[in-house]
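Undergrad: First, the structure itself, so that you have it in front of you.
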Amino acid sequence: MGKYIIKRILIVLPMMLAVSFIAFVLINLIPAEPAEVALRVNDIIPTEEAIEGMREELGLNKPYFQRYFDWLRNVLRLDFGNSYVNKNRTVIGEISRSLPATLELATVSLFIVIFVSIPIGVLCAVFKDSIFDRIVRLLIFIGTAMPNYWIGILLIWLFAVKLEVLPTGGNKEEGAIILPAIALSLTYISTYVRLIRNNMLENMTENYVFYAKVRGLKERKIILKHVLRNSLQSSITALGMSVVQLVSGTVVIENIFSWPGVGRLCISSIFNRDYPVIQAYILMMGILFIFCNLIVDIIHHKLDPRLHEVM
Amino acid sequence: MKEILKVNHLEVHHMDHKVSTNIISDISFSLEKNRCLGIVGESGSGKSITCKAILGLLDKDFHIKGEVIFNDIHLLKADKRKIRQIRGKEISMILQNPMTSFDPLYPIQEQMTETFIENLDISKKEALGLSLKTLENMNILHPKDVLKKYPHQLSGGMLQRVMIGTALTLKPSIIIADEPTTAVDAINVAKVMKEFSGIKEKHNTSMIFISHDLGAVAKISDDILVMKDGKIVEKGETQYVLRNPRSEHTRYLINTRKALMDKFHQIVG
Amino acid sequence: MIKKLMRDKIALITLIIILSTMLIGIFAEEIAPNDPNKTSITQKYAQRSQEFPLGTDHLGRCILSRLIYGIRPTIFLSMFTMLCTIILGTIVGVTAGYTRGIVDEAIMRIVDVMLSFPSQVMILAVVGMMGVGIRNVIIASIAIKWAWYARMIRSSVIKYNDRNYILYSKAIGASKGFIITRHMLPNILSEVIVLATLDMGWVILSISTLSFLGLGVQAPTAEWGAMLSEAKNVITSHPKQMLAPGFAILILVSSFNMLGDSLRDVLDPKEV
């Protein structure tokens, strides 16, 4: 067990290095000279001298790998430099100011996804082809074809404009999180209901379910204790990765609901060409992805006795 | 002799996209107390389906007609709860593939105790003690360790003995063994057969022994039922049927068996 | 295959919806009642009328005409994206499947990484660095989607490579290029079509989402996602503005999804 965890953690290091390199390389996709951009966003006329000065300031005239390692050293100290737009604000400051709001939104959505999709998925599988199952399947179908930003504005219109029971956006007012969290979770609910339903149905045909019936166990016990646990075992990887998807999915939702999180920060940075912030966002998502993968793998390993090393 | 299980005009149809296929057509037979009924037939002849139909274990795609009477209870008409109480406690079944019959995520003891708690209405602690005793009765070495093992850590033969032991501890009136020799390698077939002969002698149960292997059935059963394509082609007392087979198919099965044995003796010398 | 598909009512209906949408898009100039970009301050938020069948928006532009012209970026850019994705995926997949060895290993590792990384982040990364605009959105979409096709085509190539008639072709000395184009691709094509149809829905949603955020198709070009973005600004006063483009996306995407499902059932009957 311990051996596996150590091995798994060791893989993380090269992966992190790869992600950091990708995040660094991406900045080379910029069609313009970064120094020039840095000047333009601050309304300084990019004269030859000014550009040279800025290159010096940003360290752009050093060799490529030298720049990467310099950058990496700073990143390890959580120093991403300063924002191009607000020169007196650090990138890490911007991110850490907006991160809590995003995490709050993603966590609430994750709970909604889990507590809605598991029971519905189980009920759909148990009552396969019943009216309930058919209606849910229809809703899932619509859910996957509906743009989630449209769902978002429809929710705003219904609950904030028409019924006036919830705020339209921001995160200051009471209950402001309800609408964005619902809008964010709906798309993923359709995915996971389908996943859990299919996994349940697949497990129900397994021989161990038949033997459980032979042994005279109650239907409910077979479903909840045996089939559900086995289905979750096979869904856990997908469920775990949903954390990353939820955090990255906040980009759209945060913009609709004016939720002051990293997704909104990312979009406004794209418009403002604030490259260090975008770079930090990508790096952060990459690292989040690696760690979610790690945690999911370890949980999966821990819960499945078949994967344990011989004791 | 008292009949403990009676099957009258059983018919099973499988419905698939409005296409109905006949799987079992009009079979009748009965099982007498403390006797062993062997059901022989090639794979696909409907042996297993018959037993699943008796226990109400076929899913909704199967349409069942006829009657099944166990101790004056009409099983096909009884409600779900009643059938569930009979399953396990009154009629136990031993499956053909022990390796896949246990939930891979729980240790053996969990799966044994839940069975005992459900069927014998006892406490968790008593059930645990009973599980240990079951393994001891089956002459399994290190029973305490085996209880804590997960299914994938045990051999097929071991799991089968756990299954047999669990069935016996419930003291059912009928034990149905569905091809218990298929998952076992040739060397252990004799061992498994001895196990089942032992059950018949030691415990007061009736048994239905399903196999495609005529030799195995001949050794253990008192009465025999030969099935082909969902129909019964021959039934009667085992020794009598083997000596005077009336149907073409029975003769065919006997001859193949004989040819195989001859070949075997020829090779072994 | 086509015959079987014709018998499937759902597939037929969705196919008709998709094809007629495409035709309307192609002949937008002839069909649209008004110029989609003609603004008129006096005619803001006009009700349904003979002249404006679906009313007008906040600049007095005809919503129906904008909807019809909006088909173009939605369907044709998505199709273009899919086409490029498939071509790139095919080239990489065939290369990997044919060469095997180290090249294959390296390509597949890259593909694995591409497949597991959240696609939304990748799109944002590319658009964020290369700048706002539909061209970059398409490049980003291709960049994250090709890996799926590369993996699928690689495994098909390996699977078909060992089939008898291809071994025979090799034996009689047909060239590699000839084998690939004449024997391999037609076999793989059906699988690609199914996946591509299912992915069309995804691409349409993705492009419209980015246009909604203002990262894709730029104003004043008519595009459904961008129209919804404009509608969102007037949600309190004129909520009906957000209905037409929303339903248009919903219907088109679900048509592609349904068609993809039907195609899969037809091609792969064992999964029914």
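Protein chains in written order, with the working numbering: chain S, 100 to 410; chain E, 408 to 676; chain V, -17 to 254.
Beta carbons: idealized from backbone N, C-alpha and C, even for Gly.
Taking only beta-carbon positions, decide if N354(S) is within less than 8 Å of chain V.
TA: Here residue 354(S) refers to the residue found at position 255 of the first sequence. Yes, its Cβ sits closer than 8 Å to a Cβ of chain V.
Undergrad: I want to verify the contact list: residues of chain S whose CB lies under 9 Å from the CB of L677(E), in sequence order.
TA: Residue numbering for chain E in the displayed model covers 408 to 676; residue 677(E) lies beyond these limits and cannot be assessed.
Undergrad: I want to verify the contact list: residues of chain S whose CB lies under 9 Å from the CB of K502(E), in sequence order.
TA: By 1-based counting over the second sequence, the position of residue 502(E) is 95. With the sequence shown as reference, residue 502(E) is identified as Leu, and Lys is not the correct amino acid for it. Result: N306, F309, Y310 and V313.
Undergrad: For a test of the three-state rule: what should DSSP assign to K186(S), helix, strand or coil?
TA: By 1-based counting over the first sequence, the position of residue 186(S) is 87. In the structure shown, K186(S) adopts coil according to DSSP, grouped into three states.
Undergrad: What are the residues that DSSP puts in a beta bridge with S613(E)?
TA: Taking the second sequence and counting its residues from 1, one reaches residue 613(E) at position 206. Per DSSP, the beta-bridge partners of S613(E) are I581(E).
Undergrad: Residues bridged to N181(S) by DSSP?
TA: Position 82 of the first sequence, counted from the start, is the residue given in the question as residue 181(S). Its beta-bridge partners are T189(S).
Undergrad: Helix, strand or coil for L175(S)? Go by DSSP, reduced to three states.
TA: As a working note, residue 175(S) is residue 76 in the first sequence. Correct three-state label for L175(S): helix.
Undergrad: Please check if any C-beta of chain E sits within less than 8 Å of the C-beta of R328(S).
TA: Taking the first residue of the first sequence as position 1, residue 328(S) is located at position 229. Taking Cβ atoms only, chain E reaches closer than 8 Å to R328(S), which makes this a yes.
Undergrad: What residues in its chain sit with their C-beta under 8 Å from that of V254(V), if we drop five residues either side in the sequence?
TA: Within the third sequence, residue 254(V) is the residue found at index 272, counting from 1. Any reading at V254(V) must be qualified, since the residue scores a pLDDT of 36, below 50, and its modelled position is unreliable; the value itself is stated next. Excluding sequence neighbours, V254(V) sits near D247.
Undergrad: I want to see whether chain S comes within less than 8 Å of Q102(V), judged by CB atoms only; does it?
TA: Locating residue 102(V) in the third sequence gives position 120, counting from the first residue. Chain S, which has a Cβ nearer than 8 Å to the Cβ of Q102(V), makes this yes.
Undergrad: Tell me, please, which residues DSSP counts as bridged to D510(E).
TA: The count along the second sequence starts at 1 and reaches residue 510(E) at position 103. Answer is none; D510(E) lacks a bridge partner.
Undergrad: What whole-angstrom Cβ distance do G360(S) and T201(S) have, given they're in contact under 8 Å?
TA: For the purposes of this step, residue 360(S) is taken as the residue at position 261 of the first sequence. For the purposes of this step, residue 201(S) is taken as the residue at position 102 of the first sequence. Sure, about 3 Å apart at Cβ, within 8 Å.
Undergrad: Can you name, in chain order, every residue of its own chain whose Cβ lies under 7 Å from the Cβ of T589(E), other than the five neighbours on each side?
TA: In the second sequence, residue 589(E) corresponds to position 182, counting from 1. Here the set comprises Q503.
Undergrad: Leaving aside the five residues before and after H220(V) along the sequence, list all residues of the same chain whose C-beta is less than 6 Å from its C-beta, in chain order.
TA: Working through the third sequence from its first residue, we reach residue 220(V) at position 238. Y27, listed in sequence order.
Undergrad: Here's a check: name, in chain order, each residue in its chain whose Cβ is nearer than 6 Å to the Cβ of L566(E), leaving out the five neighbours to either side.
TA: Here the question's residue 566(E) lines up with position 159 in the second sequence. Here the set comprises P505.
Undergrad: Return yes when the C-beta of K227(S) is under 7 Å from any heavy atom of the ligand MN, and no when it is not.
TA: Of ligands this structure carries none, so the ligand MN is not represented either.
Undergrad: Please compile the residues from chain S whose C-beta is within a distance smaller than 8 Å of the C-beta of M112(V).
TA: Start at 1 with the first residue of the third sequence, and residue 112(V) comes out as number 130. Within 8 Å Cβ-Cβ: L128, I129 and P130.
Undergrad: I'd like the ranges of any alpha helix (DSSP H) spanning at least 4 consecutive residues and lying wholly in the segment 440 to 486 of chain E.
TA: Runs of the alpha helix (DSSP H) inside the segment 440 to 486 of chain E: 454 to 461.
Undergrad: Just tell me which of I386(S), C365(S) and V264(S) has its CA closest to the CA of V190(S).
TA: The count along the first sequence starts at 1 and reaches residue 190(S) at position 91. Among I386(S), C365(S) and V264(S), the Cα nearest to that of V190(S) is on C365(S).
Undergrad: Determine the extent of the alpha helix (DSSP H) in which D552(E) is found, giving its start and end residues.
TA: Position 145 of the second sequence holds residue 552(E). Per DSSP, D552(E) belongs to the alpha helix (DSSP H) from P550 to K555.
Undergrad: Do L300(S) and T224(S) count as a contact pair if the criterion is CB distance below 8 Å?
TA: If you number the first sequence from 1, residue 224(S) lands on position 125. If you number the first sequence from 1, residue 300(S) lands on position 201. This sequence places Ala at residue 224(S); Thr is not what is there. Result yes, Cβ atoms of A224(S) and L300(S) sit closer than 8 Å.
Undergrad: Given that a residue counts as buried once 16 or more other Cβ atoms are within 10 Å of its Cβ, and exposed if not, what is I110(S)?
TA: Start at 1 with the first residue of the first sequence, and residue 110(S) comes out as number 11. By the 10 Å Cβ count, I110(S) comes out exposed.
Undergrad: Report the residues of the segment 214 to 233 of chain S with a CB closer than 8 Å to any CB of chain E, ordered along the chain.
TA: none
Undergrad: Could you pull out every residue in the same chain whose Cβ sits closer than 6 Å to the Cβ of A213(V), ignoring the five residues on either side in sequence?
TA: Taking the first residue of the third sequence as 1, we reach residue 213(V) at position 231. The answer, listed in chain order, is Q223 and M224.
Undergrad: Would you mind giving the Cβ-Cβ distance between H421(E) and D466(E), rounded to the nearest angstrom? I have them listed as a contact below 8 Å.
TA: As a working mapping, residue 421(E) is identified with position 14 in the second sequence. As a working mapping, residue 466(E) is identified with position 59 in the second sequence. Rounded, the Cβ-Cβ distance is 10 Å, inconsistent with contact.
Undergrad: Among M209(V), E173(V), E205(V) and S237(V), which residue has its Cα nearest to the Cα of L59(V)?
TA: In the third sequence, counting from the first residue as 1, residue 59(V) sits at position 77. Among M209(V), E173(V), E205(V) and S237(V), the Cα nearest to that of L59(V) belongs to E205(V).
Undergrad: Please classify F123(S) as buried or exposed, where buried requires at least 16 other C-beta atoms within 10 Å of its C-beta.
TA: One-based indexing of the first sequence puts residue 123(S) at position 24. By the neighbour-count rule (16 or more Cβ atoms within 10 Å), F123(S) is buried.
Undergrad: What does the alpha-carbon distance come out to for the pair L171(S) and L125(S)?
TA: Position 72 of the first sequence, counted from the first residue, corresponds to residue 171(S). Position 26 of the first sequence, counted from the first residue, corresponds to residue 125(S). Their Cα atoms are separated by approximately 14 Å.
Undergrad: Assuming V74(V) contacts I89(V) (C-beta within less than 8 Å), just tell me the rounded distance between them.
TA: Translated into the one-based positions of the third sequence, residue 74(V) becomes position 92. Translated into the one-based positions of the third sequence, residue 89(V) becomes position 107. For V74(V) against I89(V), the beta-carbon gap comes to about 6 Å, under 8 Å, which counts as contact.
Undergrad: With a CB to CB cut of under 8 Å and the five nearest residues on each side skipped, what residues in its chain are close to D169(S)?
TA: Here residue 169(S) corresponds to residue number 70 of the first sequence, with the count starting at 1. So the list reads G158 and K161, once near-sequence residues are dropped.
Undergrad: Would DSSP call L197(V) helix, strand or coil?
TA: Taking the third sequence and counting its residues from 1, the one referred to as residue 197(V) is at position 215. Note: L197(V) maps to coil in three-state DSSP.
Undergrad: Going by beta-carbon coordinates alone, are R154(S) and A134(S) separated by less than 8 Å?
TA: Numbered from its first residue, the first sequence carries residue 154(S) at position 55. Numbered from its first residue, the first sequence carries residue 134(S) at position 35. Taking 8 Å as the Cβ cut-off, R154(S) and A134(S) qualify as a contacting pair.
Undergrad: Look at G637(E) and S437(E) and say whether their C-beta atoms are less than 8 Å apart.
TA: Here residue 637(E) is taken as the residue at index 230 of the second sequence, counted from 1. Here residue 437(E) is taken as the residue at index 30 of the second sequence, counted from 1. Here G637(E) is not near S437(E), since their CB atoms are 8 Å or more apart.
Undergrad: Is it the case that the segment 443 to 459 of chain E contacts the segment 610 to 621 of chain E, given that we only count it when at least three CB pairs across the two stretches are under 8 Å?
TA: Yes: the two stretches touch, three or more of their Cβ pairs being nearer than 8 Å.
Undergrad: In this structure, does DSSP put F226(S) in helix, strand or coil?
TA: Taking the first sequence and counting its residues from 1, one reaches residue 226(S) at position 127. Residue state, collapsed to three classes: coil.
Undergrad: Please identify, using Cβ separations under 9 Å, the residues of the segment 390 to 408 of chain S that lie next to chain E, in order along the chain.
TA: L402, D403, P404, R405 and H407
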